[in-house]
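Working notes, structure below.
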Amino acid sequence: MTFTESAQERDEATTPELDTSPDSQPTAQASVVASVPRIVLVGPPGAGKSTIGRRIASALNLPIVDSDLLIEQSEGKACGEIFSEVGEERFREIEAGCVARALATGGVVSLGGGAILTASTRQLLQRHTVVWIDVSAEEGIRRTANETSRPVLNAEDPAQHYRDLLATREPFYREVADYRVRTDQRPPQRVVAEILGIIESSEE
């Protein structure tokens, strides 16, 4: 099996402030070009979406649009703090609005790990080229072991909680993804090169 699979087979990110007022919207052909992301990245916590997204954006000379950073810009506080204060249901509502904004921009879009839990987001993703940045439970647990900024991972048994999280979300990642790229024991530059190839082939 190759590291990249089609779905059928199966922090320093720079996120621009988005102006969604009517006067800010480009028209005609320019609107089509500017409002379609080149690629959308989804995947669980610790998969490497932010790192990989930044490198892809740099290689293509495009902005990186991170839905988590849009949430923080919108609410004026960290995602973990918002999640703890308002609960997951309300957080997902806020997130869905920011994801919709992100998907209306050009560039490289990286979505929060749980964004695909929302049905409206999954529906929007049908219009885009989506890459599932995948990681094994063991590697994901290792990468997130010392993180304190993700309330969704807080549990008495973080390792089992992470496995349960993957089991819940994997069907949704599989549903929305056009491609799946594994990151276990692979340097970011190899993953980035693979995704750049996906972008090139999807635009032919």
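Okay, so the sequence shown: first residue is 1 according to UniProt numbering, each after it adds one.
Glycine residues also receive a C-beta, built at the ideal position from the N, C-alpha and C atoms.
Give the range of the alpha helix (DSSP H) segment to which residue i is assigned.
i	result
Arg163	158-176
Leu60	49-60
Ala78	No alpha helix (DSSP H) contains Ala78, which DSSP labels as neither H nor E.
Ala193	188-202
Gln185	Segment: none, Gln185 is in no alpha helix (DSSP H) and carries neither H nor E.
Ile141	137-144
Thr121	119-125
Using DSSP's beta-bridge definition, name the partner residues of residue i.
i	result
Val131	Leu41, Tyr179
Within 10 angstroms of its Cβ, does residue i collect 16 or more other Cβ (buried), or is it exposed?
i	result
Ile110	A small correction: the amino acid at residue 110 is Ser; Ile does not occupy that position in the sequence shown. Ser110 comes out buried.
residue 213	Here the chain comprises residues numbered 1 to 204, so residue 213 is not present and cannot be evaluated.
Arg127	exposed
Ala78	exposed
Arg180	buried
Gly53	buried
Arg190	exposed
Locate the beta strand (DSSP E) running through residue i, then write down its first and last residues.
i	result
Asp66	64-66
Val108	108-110
Between residue i and residue j, which are expected to be in contact by the criterion C-beta below 8 Å, what is the C-beta distance as a whole number of angstroms?
i	j	result
Ala130	Asp184	Per the sequence shown, residue 130 should be read as Val rather than Ala. Wrong, their Cβ atoms sit about 20 Å apart, outside the cutoff.
| request: Decide yes or no for the touch test of the segment 81-93 against the segment 42-58: beta carbon pairs closer than 8 Å, at least 3 of them. | output: no
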